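Q: Below is a structure I'd like to ask you about.
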Amino acid sequence: MAGRSMWRATTKLLVATTALGGGAAAATIASSDDPAMALKLCTNVPLRLYRDSVTAATIAFDYEYSLWGLPEGSAERAKAKHEVHMRGARRLEELCFRNGGIYIKLGQHLGQLEYLVPEEYVRIMRESMLNKCPHSSYDQVHDVVKKELGGAPDEIFDEFDPVPIASASLAQVHVARTHDGQKVAVKVQHTHMTDTAAADYATVELIVNTLHRFFPSFDYRWLIAEVRESLPKELDFLVEAKNSVRCMDNFRKLSPHIADYVYAPRVYWNLSTSKLLTMEYMEAAQVNDLKSIKRLGIQPSDVVNLVSETFAEMMFKHGFVHCDPHAANLLVRPFPSGRRSLFGRRKPQLILLDHGLYKELDYNTRINYAALWKALVYSDADGIKENCVKLGAGDDLYALFAGILTMRPWNKVIDSSVDHLVVKGTDSDRSELQMYASQYFPQITELLRRLPRVILLMLKTNDCLRAVNGSLIQGPSLESFLIIGRVSSEAVLESMLLQKRSLLSWINFWIQKILLEGRLCVMHIAVWLLQLQKALTL
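Residue numbering for the sequence shown is -26 to -1, 1 to 512, as defined by mature numbering (1 follows the signal peptide of the UniProt record, and there is no 0).
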């Protein structure tokens, strides 16, 4: 019975996608700036639709067939589920690479959904989607440069390396040298990405909506809506360039104490367009390249603290957040002036790349989000509930929201110990998180439906940062949570001062500031004692 039902669903899916595909293809041809090329692209749409439909139906059928009749909670079912997860992840990976573009972008998103997607999908997507993206040929790059800048690469630049140093879902990067001798990085959009993205988006949207109709628990429509909103901005490299400038301005004006330690490559505006971006070339180590970071004389723990503080300042004080901070978009180099810490260690400078995906938090959302993290760090159960509700989680799902943010179960979230939010990375921790996600999957789906998309992007950003920090140090990252607690608390205090400009509010502000510093001092001592205890037990 289940098999017949699945094949009926498969047939409907294939028919529906083919029908929409014809409409999407026609719309693409009609609206394209290059109808001839659009027509060529659209001849591939039926094939891509067929791949999408078969892959989706095959994965769904594999789950239904492989788990049929296996008792819930049994070792046999757990083994079968792991195997079907692996097969499904590999099939999805193959589809993303064969279709490219927007599919790789979606694969990258899925790789950050630790709280919702099975571990097998997360691991495979993270391993492949960031480092194995397909390249455009040099002939295609040549055509883009000529169309955008009015000349061939070797005419516009004194030198232009035809082999890219990096490739992502939407573009690839080439090293070049300007006629005045400046070494630059040239980001070139994959050819006709805009046309392809329009057709692919319609296809993927149909697949997700159709699967949700047949399997209500499969609800990733919010992810498709987010891509629909963000993709046009990411495809306009001038938007990316302006975002990088605004980001640096925010640090100079709102976070001057760390402004020198955060950097974005300078943009060469005369050599940049919506599809080609020329930037200062950066000699630096990728943030997860532990060996290179140590070779530079930088302590990995200092990098973790700088990453944590940088993004805490963005989220809680700037309200303008880089939402794609995976390892390929973060570089580290020694502070250019050679400045060192009190103990003689070289201080790091964080370099932010790929400024295409930013989100703005309005004032209320920013302060509520800061207040929530303040409550999480200080184990304030009432504050956690109050601010989760304000952000849209509701009275019934606030504990789940707190659990997703911290990747900790509720009893750990409200634990008063200083290291209560630390995910230690052990096998027991990972299995606990997976069990947590599996047990509450329907509630998580409902929570994601309720939360504003900007908060969903903050969840994705948190997952990226957690992965980056986890690649740098082993064991608890207590200091980063204290940084988050300090910055979020400062943002909440500053908002209180702005709301009531009176002598009494000013006095109350400084009293609260002193109490905050005292509390953080006590927590730092507790962290030091924990580290000392750990060192003595080794």
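Just so you know, even glycine gets a beta-carbon here, dropped at the ideal spot from N, CA and C.
Every value quoted in this text rests on a predicted model; they were computed, and no experiment measured them.
If H329 sits next to C221, beta carbons under 8 Å apart, how far is it from one beta carbon to the other, in whole angstroms?
A: Sequence index remark: in the sequence shown, residue 329 carries index 355 (1-based). Sequence index remark: in the sequence shown, residue 221 carries index 247 (1-based). H329 to C221, Cβ: 6 Å. Contact.
Q: Please classify T(-16): is it buried, with 16 or more other beta-carbons within 10 angstroms of its beta-carbon, or exposed?
A: Here residue -16 is taken as the residue at index 11 of the sequence shown, counted from 1. The predicted model places T(-16) with a pLDDT of 49, which falls under 50 and marks its position as unreliable; any figure quoted below should be read in that light. T(-16) is exposed by the Cβ-count criterion.
Q: Compute the beta-carbon to beta-carbon distance between P108 and G74, rounded to the nearest angstrom, for a pair I have assumed lies under 8 Å.
A: As a position in the sequence shown, residue 108 is number 134, starting the count at 1. As a position in the sequence shown, residue 74 is number 100, starting the count at 1. Contact holds; Cβ gap of about 5 Å.
Q: Around the Cβ of G492, are there at least 16 other Cβ atoms within 10 angstroms (buried) or fewer (exposed)?
A: Here the question's residue 492 lines up with position 518 in the sequence shown. That one is exposed.
Q: So, is F415 buried or exposed, given that buried needs 16 or more other C-beta atoms within 10 angstroms?
A: In the sequence shown, counting from the first residue as 1, residue 415 sits at position 441. Exposed, because fewer than 16 other Cβ atoms sit within 10 Å of the Cβ of F415.
Q: My understanding is that V213 touches A258, with C-beta atoms under 8 Å, so please give their C-beta distance in whole angstroms.
A: For the purposes of this step, residue 213 is identified with residue 239 of the sequence shown, where counting begins at 1. For the purposes of this step, residue 258 is identified with residue 284 of the sequence shown, where counting begins at 1. Not a contact, Cβ separation roughly 24 Å.
Q: Tell me the DSSP secondary structure of residue 524 in three-state form.
A: Coverage of the chain is limited to positions -26 through 512, which leaves residue 524 absent and any answer about it impossible.
Q: Is the beta carbon of H300 sitting closer than 9 Å to the one on Q86?
A: If you number the sequence shown from 1, residue 300 lands on position 326. If you number the sequence shown from 1, residue 86 lands on position 112. Going by C-beta atoms, H300 is nearer than 9 Å to Q86.
Q: Who are the near neighbours of V182 in its chain, counting only those whose CB is closer than 7 Å to its CB and skipping five residues on each side?
A: The residue you call residue 182 lines up with position 208 of the sequence shown. Only Y194, R195, I198 meet the Cβ criterion.
Q: Among all the DSSP beta bridges, which residues are the ones paired with Q146?
A: By 1-based counting over the sequence shown, the position of residue 146 is 172. According to DSSP, Q146 bridges with S141, V162.
Q: Quick check on this structure: which residue in R65, P20, D26 has the alpha carbon closest to the alpha carbon of Y37?
A: The residue given as residue 37 occupies position 63 in the sequence shown. When only C-alpha atoms are compared, the closest one is R65.
Q: Please confirm if the region 247 to 257 is in contact with the region 156 to 167, defined as three or more CB-CB distances below 8 Å between the two stretches.
A: Counting C-beta pairs closer than 8 Å gives three or more between the region 247 to 257 and the region 156 to 167, which meets the contact rule.
Q: Looking at S445 and L264, is the spacing between their C-beta atoms short of 9 Å?
A: Position 290 of the sequence shown, counting from 1, holds the residue named residue 264. Position 471 of the sequence shown, counting from 1, holds the residue named residue 445. Against a cut-off of 9 Å, the Cβ pair of S445 and L264 comes out as a contact.
Q: Look up Q260 in the DSSP assignment and say whether it is helix, strand or coil.
A: Working through the sequence shown from its first residue, we reach residue 260 at position 286. Looking at Q260 - three-state DSSP - the assignment turns out to be strand.
Q: Just reading off the beta strand (DSSP E) that F131 is part of, what are its end residues?
A: What you label residue 131 is simply residue 157 of the sequence shown in a count that begins at 1. From DSSP, F131 is part of no beta strand (DSSP E); its letter is neither H nor E.
Q: Closest by CA to R100, which one among G271, P136, A302, P138?
A: What you label residue 100 is simply residue 126 of the sequence shown in a count that begins at 1. Of G271, P136, A302, P138, the residue nearest in Cα terms is A302.
Q: Please report the residue range of the beta strand (DSSP E) in which M288 lies.
A: For the purposes of this step, residue 288 is identified with residue 314 of the sequence shown, where counting begins at 1. Careful: M288 lies outside any beta strand (DSSP E) and carries neither H nor E.
Q: Return the bridge partner residues of K157 from the DSSP annotation.
A: Here residue 157 refers to the residue found at position 183 of the sequence shown. R151, per the DSSP bridge assignment.
Q: Just verifying my parser: in three-state terms, what is the DSSP assignment at V241?
A: As a first step, residue 241 is located in the sequence shown; it is residue number 267 there, counting from the start. If DSSP states are grouped into helix, strand and coil, V241 belongs with the strands.
Q: Should D370 be labelled buried (16 or more other beta-carbon atoms within 10 Å of its own) or exposed?
A: Start at 1 with the first residue of the sequence shown, and residue 370 comes out as number 396. Counting of Cβ neighbours within 10 angstroms places D370 among the exposed residues, the total staying below 16.
Q: Apply the 10 Å Cβ neighbour rule to G459 and answer buried if 16 or more other Cβ atoms are within range, or exposed otherwise.
A: Walking along the sequence shown from the start, residue 459 turns up at place 485. So G459 ends up on the buried side.
Q: What would DSSP say about T339, mapped onto helix, strand or coil?
A: Here residue 339 refers to the residue found at position 365 when the sequence shown is read from its first residue. Reduced to three states, the DSSP call for T339 is helix.
Q: Just to confirm the assignment, what range does the alpha helix (DSSP H) spanning L456 have?
A: Residue 456 sits at position 482 when you count from the first residue of the sequence shown. That run of the alpha helix (DSSP H) goes 452 to 473.
Q: Assuming K291 and S229 are in contact, meaning their beta carbons sit under 8 Å apart, how far apart are those beta carbons, in whole angstroms?
A: The sequence position of residue 291 within the sequence shown is 317, counting from 1. The sequence position of residue 229 within the sequence shown is 255, counting from 1. K291 to S229, Cβ: 6 Å. Contact.
Q: According to DSSP, simplified to helix, strand and coil, what is H56?
A: For the purposes of this step, residue 56 is identified with residue 82 of the sequence shown, where counting begins at 1. Correct three-state label for H56: helix.
Q: Drop a sphere of 10 angstroms on the beta-carbon of V137, count the other beta-carbons inside from all chains shown, and report buried for 16 or more, exposed for fewer.
A: Walking along the sequence shown from the start, residue 137 turns up at place 163. Burial call: exposed.
Q: From the DSSP secondary-structure annotation, give me the bridge partner or partners of E254.
A: To locate residue 254, count along the sequence shown from 1; it is residue 280. V158.
Q: Using DSSP with H/G/I as helix, E/B as strand and the rest coil, what is V118?
A: Your numbering for residue 118 matches position 144 in the sequence shown. Note: V118 maps to helix in three-state DSSP.
Q: Along the chain, where does the beta strand (DSSP E) that runs through K364 open and close?
A: Taking the sequence shown and counting its residues from 1, one reaches residue 364 at position 390. Taken as a continuous stretch (DSSP letters only), K364 belongs to no beta strand (DSSP E), being part of the alpha helix (DSSP H) at 355 to 364.
Q: Just tell me which of G62, H83, E133 has its CA closest to the CA of D26.
A: Counting from one through the sequence shown, the residue named residue 26 turns up at place 52. Of the candidates G62, H83, E133, the one whose C-alpha sits nearest the C-alpha of D26 is G62.
Q: Roughly how many whole angstroms lie between the Cα atoms of H116 and L209?
A: Taking the first residue of the sequence shown as position 1, residue 116 is located at position 142. Taking the first residue of the sequence shown as position 1, residue 209 is located at position 235. Each residue's alpha carbon lies about 19 Å from the other.
Q: Here's the rule I'm using: 16 or more other beta-carbon atoms within 10 Å means buried, otherwise exposed. How should S110 be labelled?
A: Within the sequence shown, the letter at position 136 stands for residue 110. Classification for S110: buried.
Q: Under 9 Å, do V466 and K348 count as touching if we go by C-beta distance?
A: Translated into positions along the sequence shown, residue 466 becomes position 492. Translated into positions along the sequence shown, residue 348 becomes position 374. Result yes, Cβ atoms of V466 and K348 sit closer than 9 Å.
Q: Considering only DSSP beta bridges, list what L304 is partnered with.
A: By one-based count along the sequence shown, residue 304 stands at place 330. In the DSSP output, where bridge partners are listed per residue, L304 has L326.
Q: Can you tell which of D356, S463, L23 has the C-alpha that lies nearest to the C-alpha of V178?
A: Locating residue 178 in the sequence shown gives position 204, counting from the first residue. The shortest C-alpha separation from V178 is found at L23.
Q: Between A238 and I325, is the Cβ-Cβ spacing less than 9 Å?
A: Here residue 238 corresponds to residue number 264 of the sequence shown, with the count starting at 1. Here residue 325 corresponds to residue number 351 of the sequence shown, with the count starting at 1. With respect to I325, A238 sits close: the two C-beta atoms are nearer than 9 Å.
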